[in-house]
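Protein chains in written order, with my numbering: chain A, 27 to 331; chain B, 27 to 331.
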């Protein structure tokens, strides 16, 4: 299923998903330094911020200033999360050309996250996608808590299937299957992807994984084996979800990049520069970061893998 | 490839591979307490010690006293590593009924580990297996540095294939493909197993994984998908290899047990009791242990997964 030198597109969501749960406010200049370090490491795509309510997520209150201050190197992709049409308007005003909408797969998670029921959340995501496309933006749609919900437990696979196809029909360029609380094992990824692949091509799917149970990398490998080539990851494993009790850090960008490199898959990422980006992220949050491979990578930065 | 409720046999090698690299000598009573805690957690097989030279591995100097002091619950398996016929004699005298021989896949690793060249090491492993079988013992044969060698780099897959089939022909009941320094990615496991499975049934193969690059669990999952049902793991990820620079901890027993549980595979292991075994191991070594899942497991010991 995997052919050497195939491209894998890693979107670093550290500046958004990684930072949003940090209690200490990171200054805009710090976020810009992190994004610059990620571009320098060759990271092809970054989710930089989210245009949510500053009251709900104070860490993202500078989205309107941050976004236009980012220089995007040729061929790279910069995106932001937008919860609704108002967020989309702000994103477009800030110069954003790619947006992600979020739809949680359970009633309770939508209520807690955006104070809407599932039906209203679907309508909001559809409307936002339609407006984004009308303005020529590239789009992604997250299906959050796609494996388990902190409030409702196991998420029915058929629900994830129905929501994913609904978002694809609404025109989302990528459906991001999100293990928001890091509950999935590779067997769960296999089951959910098998179902989704009945209706959607692997190229349209992405995986967003958290390492709560230590299975994020094994889950990514399962996705790769089933043809998924788009993954969210976070520099140094930075992350968590402020609305989802028990959510730990994201899949670390360095862990996935190393796995891909050893499998002969091309990510564009340079490991030595990625380590410098981890250093920047550590400075911003004030504590040590790092995926499961970081100790080894620090000792083998010049490796030919 | 994976059927729910299939059995996966995890051999906890913590008391041997985990402890052998510890500088502080662990008293025999401490090792017995750890082994008792592992039995209590349902662990089906334990590699308790190795009958090597006390000068070479001081931590294993009590093998002759430790082995006969261990009570083996019905249906469980207790084994020891033996480097040669002399080690085998000691093991048998100590009451051991299952032994593992070690054959490194590279010339230099054999020289460093047992001061023999590869040809002599093959002959020694063969002789030891023959004597063990003559006495009715169950046997395993490790193929060490099966993916990469700290001295020679990449290990040729055909060499691993040849050594594995040689050990199977010499009567080894299980061929343990060992990533001694934790260099493998799942793509490497796939490549090596594909080759071995040309000659050997999956039931005869085991995987021994280290987490140096954070890929141990993804590697185990790859093995499971290809039909491997025997794995070495170490309580709390305890481990390393004193002869292999750069080797980090073993695949953690709790990480593999959790992955299996979520996949519907049966390991016999009870997670709440396994956490108590980790506590015992931490007391012995004096520092915190734990695989990538432990923080989550500690918060969810009573889970129904």
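A virtual CB, placed ideally from N, CA and C, is assigned to each residue, including glycine.
Would you please state the rounded distance, in angstroms, between the beta carbons of residue i and residue j? I believe it to be under 8 Å.
i, j, result
"residue 127 (chain A)", "residue 155 (chain A)", "6 Å"
"residue 43 (chain A)", "residue 265 (chain A)", "5 Å"
"residue 103 (chain A)", "residue 124 (chain A)", "6 Å"
"residue 98 (chain A)", "residue 86 (chain A)", "That pair is no contact at about 19 Å."
"residue 226 (chain B)", "residue 194 (chain B)", "6 Å"
"residue 240 (chain B)", "residue 317 (chain B)", "About 11 Å separates the two Cβ atoms, so there is no contact after all."
"residue 173 (chain B)", "residue 205 (chain B)", "5 Å"
Can you give me the start and stop residues for the beta strand (DSSP E) that residue i sits inside?
i, result
"residue 295 (chain B)", "Neither: residue 295 (chain B) is in no beta strand (DSSP E) and is coded neither H nor E."
"residue 141 (chain B)", "First-last for residue 141 (chain B): undefined, no H or E at that position."
"residue 96 (chain B)", "Looking at the DSSP string, residue 96 (chain B) is not in any beta strand (DSSP E), and its letter there is neither H nor E."
"residue 214 (chain A)", "Here residue 214 (chain A) belongs to no beta strand (DSSP E); instead the alpha helix (DSSP H) covers 212-222."
"residue 170 (chain B)", "164-170"
"residue 231 (chain A)", "231-234"
"residue 228 (chain A)", "Premise fails: residue 228 (chain A) is in no beta strand (DSSP E) and is neither H nor E."
"residue 103 (chain B)", "103-107"
Using three-state DSSP, classify residue i as helix, strand or coil.
i, result
"residue 75 (chain A)", "strand"
"residue 181 (chain B)", "coil"
"residue 255 (chain A)", "coil"
"residue 286 (chain B)", "helix"
"residue 51 (chain B)", "coil"
"residue 37 (chain A)", "strand"
"residue 131 (chain B)", "coil"
"residue 207 (chain B)", "coil"
"residue 306 (chain B)", "helix"
"residue 31 (chain B)", "coil"
"residue 278 (chain A)", "strand"
"residue 202 (chain A)", "strand"
"residue 174 (chain A)", "strand"
"residue 87 (chain A)", "coil"
"residue 315 (chain B)", "coil"
"residue 69 (chain B)", "coil"
"residue 82 (chain B)", "coil"
"residue 126 (chain A)", "strand"
"residue 46 (chain A)", "helix"
For residue i and residue j, I'd like the C-alpha separation in whole angstroms.
i, j, result
"residue 142 (chain B)", "residue 179 (chain B)", "19 Å"
"residue 201 (chain B)", "residue 167 (chain B)", "5 Å"
"residue 108 (chain B)", "residue 74 (chain B)", "11 Å"
"residue 139 (chain B)", "residue 65 (chain A)", "44 Å"
"residue 100 (chain A)", "residue 137 (chain B)", "52 Å"
"residue 296 (chain B)", "residue 246 (chain B)", "20 Å"
"residue 111 (chain A)", "residue 305 (chain B)", "51 Å"
"residue 71 (chain A)", "residue 259 (chain A)", "10 Å"
"residue 58 (chain B)", "residue 121 (chain B)", "15 Å"
"residue 268 (chain B)", "residue 50 (chain A)", "Confidence is the limiting factor: at residue 268 (chain B) the pLDDT is only 46, short of 50, which leaves the residue's position unreliable and the question unanswerable from this model."
"residue 223 (chain A)", "residue 276 (chain A)", "24 Å"
"residue 105 (chain B)", "residue 242 (chain B)", "23 Å"
"residue 294 (chain B)", "residue 170 (chain A)", "33 Å"
"residue 52 (chain B)", "residue 46 (chain B)", "10 Å"
"residue 308 (chain B)", "residue 135 (chain B)", "30 Å"
"residue 96 (chain A)", "residue 62 (chain A)", "8 Å"
"residue 211 (chain B)", "residue 234 (chain A)", "20 Å"
"residue 129 (chain A)", "residue 181 (chain B)", "47 Å"
"residue 147 (chain B)", "residue 131 (chain B)", "10 Å"
"residue 238 (chain B)", "residue 208 (chain B)", "5 Å"
"residue 196 (chain A)", "residue 27 (chain B)", "35 Å"
"residue 298 (chain B)", "residue 284 (chain B)", "12 Å"
"residue 187 (chain A)", "residue 220 (chain A)", "10 Å"
Below 7 Å on C-beta distance, what does residue i contact in chain A?
i, result
"residue 239 (chain B)", "284, 319 and 322"
"residue 214 (chain B)", "288"
"residue 281 (chain B)", "240"
Could you give the residue range of the alpha helix (DSSP H) that holds residue i?
i, result
"residue 116 (chain B)", "111-119"
"residue 249 (chain A)", "242-251"
"residue 54 (chain B)", "54-66"
"residue 323 (chain B)", "320-325"
What in chain A is Cβ-close to residue i, meaning under 8 Å?
i, result
"residue 247 (chain B)", "212, 244, 247 and 248"
Using a Cβ cut-off of 9 Å, pull out every chain A residue sitting near residue i, in sequence order please.
i, result
"residue 28 (chain B)", "213 and 216"
Cβ of residue i versus every heavy atom of the ligand FAD: is any distance shorter than 8 Å?
i, result
"residue 299 (chain A)", "For the ligand FAD, the structure offers nothing, since it holds no ligand at all."
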